[in-house]
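Top to bottom, those sequences are chains U and X. For reference, each letter of the first sequence is one residue, going 1207 to 1700 in the numbering used here. For reference, each letter of the second sequence is one residue, going 2 to 164 in the numbering used here. Worksheet for the structure shown next.
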Amino acid sequence: MTEIWTQLLGGFATAGTPVNLLWALVGCTLGTAVGVLPGIGPATAVAMLLPITLKVEPTASMIFFAGIYYGAMYGGSTTSILLNTPGESGSMVTAMEGNKMAKSGRAGAALATAAIGSFVAGTIATVVVTLFAPAVAEWAVQLAAPEYFLLMLLAFCTVSAVLGQSTLRGLTSLFIGLAMGLVGLDQISAQSRYTGGVPELLDGLEVVLIAVGLFAVAEALYAVLYEGRVEASQNRMSKVHMTRQEWMRSWPAWLRATGIGIPFGCIPAGGSEIPTFLSYATEKKLSKHKGEFGTIGAIEGVAGPEAANNAAITATLIPLLTLGIPTSNTTAVLLGAFQNYGIQPGPQLFDKSAALVWALIASLYIGNVMLLILNLPLVGLWVKLLKIPKPALYAGILIFATVGVYGMRQSSFDLVLLYAIGLLGVVMRRFDFPTAPVVVGMILGPLAEAHLRNALSIGEGKWTVFVERPMSLALLIVVIAVLVLPRLVKLLRS
Amino acid sequence: MRLQALVGAGTVLLGLGMMGGAAMIPSEAGYGGVGPNFLPWVVSGALTLCGALLLAEALRGGFRDMEESSGAAAGHWPGFAWVSAGLLANAALITTIGFILSCTLCFVLAVRGFKSAEGRLDLSVGALLKDAAIGVAIAAPVYWMFTKLLAINLPGLTSTGWL
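Listed below in structure tokens is the structure:
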């Protein structure tokens, strides 16, 4: 316990230097802007800025990226309350009640409960990360290749087969991502695969390229193709203020939602959609004001999902930092950022790069405070961003996409690939294929393959290595349960 | 339905193509018993299977559990062509005319596309100049930030790092 305390204080000392505070502030500001603007989310923003990993030192850039990640969550709620389109997917539920509240003239209260709830949940979740991440890392030291492979398999299964509408389309996305991960040199034998003699492909496909192509370029192409005539109507702002009664209704919702959000972020079950929906359902059931849900907008319906969203987002850092397993688009891109520095997140991270990890955790506390200030008194500034006309917004995003992709490898071949990935993204979006499995599969694929082959080496070529070790057997059972149980429940119900 | 079948068929083709690629990868397995060609076979096989199942769904009443995709039923292809032209022109020209000018061109073309999708395509010189000015105003600071502040190479028309 005292050890954690000393480490954390050390982290604050690093994160609190003027330069790092500036990085955090710029990250939070940029993140909020990105969250507010439709058509660009945290994964895209972090991906576009990955080239800075070439020059900026790891601690500063991680603080910066974490700020963007966090800020986007705060900013996303502003858009979903004031516009009829959610700024990012985790804010979808907020949009339902928040929009209703704004329509009945209570936009200010909705914005306040969203921002304060995000702060409360984010801070509690950061405390949980502080206390539990080192313990998880300590436990994870015992894991070897077979267990890592199964953990990654678990991440693959949950992200593709459990989330989303259709298992088949989820799996198709996953295998497309794995196929992208195959391009380049094989990590173990240095054999080139699927390079087709193109020298640019020997290094593999860049994370930036895939993420920016699938999110930013695809989003722009989709918007021009199908959404030209969609009119976004903006709700009127009102004073950002909560009455005593609104406070009394908000805080239990924040706490309950934090409790729901954190576990979902910890397990490799990806994303914040499930906890936000769960929290919404809980609040709706417990509320004394059921009549307000879906009519004039209930404040609990905004407070809960927003808090759950932030709690889950923060907790996703636990599997990312301690196991090296990303469970969402943005954490997958963050893993890419670590890899650019030659750092492999995992249990050793807390030993080898302790300074970096603790500075990052400390910056989460700092970032939450910054974001509360950025989003409450200054919310009026962010609302102005919503006035940017759509053509200029999307065309501007394309400029940033170019910087990110070109800046990474200085290759115009990548820009052609970017367009191709964008087209793929449009098809996927049109036919309701999830994108997270592509990104997670592409980044985690090569790692999973290496672990699989190392595991088989440990087992001297026998696949039974996965059932002979108690930990890996347990994980195997979890993987099977994740795949079978939801279907069994469905079958029993019908 | 026909489009969905096309998506399924495309996935099958991708899977089969990757199988062809997997066959060309040598299989020196070494210790583990699985070599560099193992995952390619698994992925290509799974993709082919997924594609076949998608095709079957498409032919028998369409993809299951589809979420209604947002926006118009039919695509606005002229707008798409403008934006595509912008992106591809950018890829073709960035090394010769430099980041700022190339991105500005991309911006101007893309804005034409989005405006045409909104039904108010404006090809007048005034509008072109105005969009070009906005494009430069976005691209130039980004360029300077990368080349001057972060010392990351981006191509310029000159080697000064300013244009």
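Cβ atoms here follow ideal geometry from the backbone N, Cα and C, with glycine treated the same way. Since this is a predicted model, take the numbers as computed values, not measurements.
Pick out whichever of the options has its Cα sitting closest to the Cα of residue i.
i	options	result
U/L1526	U/G1507, U/V1418, U/Q1554	U/Q1554
U/S1366	X/L88, X/L17, X/C51, X/E58	X/C51
U/E1506	U/L1461, U/L1214, U/A1680	U/L1461
U/K1306	U/I1473, U/P1643, U/V1585, U/M1443	U/M1443
X/V137	U/D1620, U/G1403, U/F1606, U/Y1547	U/F1606
U/W1211	U/A1568, U/V1347, U/P1511, U/V1299	U/A1568
X/G130	X/A59, X/V43, X/L110	The sequence given here has Leu at residue 130 of chain X, not Gly. Looking at the Cα atoms, X/L110 is the closest of the given residues.
U/V1611	X/M67, X/G63, X/A92, X/E68	X/A92
X/I135	X/T161, X/S28, X/C107	X/C107
U/E1263	U/Y1486, U/T1401, U/S1559	U/S1559
U/Q1348	U/R1636, U/T1528, U/V1334	U/T1528
U/L1177	U/M1268, U/M1207, U/L1599	In this structure chain U extends from 1207 to 1700, so residue 1177 of chain U is not present and cannot be described.
U/T1336	U/H1495, U/G1503, U/W1564	U/W1564
U/A1343	U/S1493, U/G1552, U/T1220	U/G1552
U/F1556	U/A1346, U/T1319, U/A1301, U/T1300	U/A1346
U/K1445	U/T1378, U/A1318, U/G1667	U/A1318
U/C1363	U/F1325, U/L1541, U/I1683, U/S1700	U/I1683
U/I1531	U/L1653, U/L1578, U/L1231, U/T1208	U/L1653
U/M1614	U/W1453, U/L1231, U/T1208, U/K1261	U/K1261
U/F1338	U/A1320, U/S1700, U/T1378, U/M1207	U/M1207
Taking Cβ to Cβ, would you say residue i is nearer than 9 Å to residue j?
i	j	result
U/G1383	U/G1651	yes
U/L1357	U/L1681	yes
U/G1241	U/A1272	no
U/L1523	U/T1537	yes
U/R1693	X/F64	no
U/Q1440	U/L1662	no
U/A1249	U/A1417	yes
X/V8	X/L40	no
U/L1411	U/V1436	no
U/G1217	U/L1566	yes
U/G1387	U/I1649	yes
U/A1253	U/V1695	no
U/P1244	X/F147	no
U/L1604	U/V1423	yes
U/Y1276	U/G1222	no
U/A1396	U/A1463	no
U/A1518	U/A1642	no
U/V1708	U/N1515	Because chain U is modelled from 1207 through 1700, residue 1708 of chain U falls outside the range shown and cannot be assessed.
U/A1426	U/A1601	yes
X/L164	X/L155	no
X/L94	X/L88	no
U/V1685	U/L1360	yes
X/L4	X/L48	no
U/G1510	U/T1488	yes
X/A128	X/T105	no
U/L1492	U/S1324	no
Provide the residue span of the alpha helix (DSSP H) that contains residue i, from first to last.
i	result
U/M1677	1676–1699
X/S113	The question names Ser, but residue 113 of chain X in the sequence shown is Arg. Here the alpha helix (DSSP H) through X/R113 covers 100–118.
U/H1657	1642–1664
U/L1427	1424–1432
X/T159	No alpha helix (DSSP H) holds X/T159; DSSP gives it neither H nor E.
U/T1285	1264–1288
U/E1209	1208–1221
U/Y1547	Taken as a continuous stretch (DSSP letters only), U/Y1547 belongs to no alpha helix (DSSP H), as it is neither H nor E.
U/R1615	1596–1615
U/T1336	1313–1346
U/L1570	1560–1581
U/Y1486	1479–1492
X/G16	3–24
Pull up the CB-CB distance for residue i and residue j, whole angstroms please, since I reckon it's below 8 Å.
i	j	result
U/D1638	X/P37	Not quite, the Cβ-Cβ distance comes to about 34 Å (not below 8 Å), so this is no contact.
U/A1521	U/G1573	Wrong, their Cβ atoms sit about 15 Å apart, outside the cutoff.
U/G1304	U/I1322	About 14 Å; that fails the 8 Å criterion.
U/G1419	U/G1631	6 Å
U/A1251	U/N1226	That belief does not hold up - the Cβ atoms of U/A1251 and U/N1226 are roughly 19 Å apart, past 8 Å.
U/V1585	U/T1284	6 Å
U/L1623	U/L1408	Not a contact, Cβ separation roughly 14 Å.
X/W78	X/R113	Going by Cβ atoms, the distance from X/W78 to X/R113 rounds to 14 Å, so no, they are not a contact pair.
Confirm the yes/no value for this check: CB of residue i, any heavy atom of the ligand GTP, distance under 8 Å.
i	result
U/R1312	By its list of ligands, the structure shown contains no ligand whatsoever, and the ligand GTP lies outside what it can speak to.
| query | On the three-pair Cβ rule with 8 Å, is the segment 106–118 of chain X touching the segment 1415–1431 of chain U? | reply | yes
| query | Touching or not, the segment 1482–1490 of chain U and the segment 1337–1354 of chain U, by the rule of three or more beta carbon pairs under 8 Å? | reply | The segment 1337–1354 of chain U and the segment 1482–1490 of chain U do not touch, with fewer than three beta-carbon pairs separated by less than 8 Å.
| request: Inspect the CB distances between the segment 1572–1589 of chain U and the segment 65–83 of chain X and report whether three or more fall short of 8 Å. | output: no
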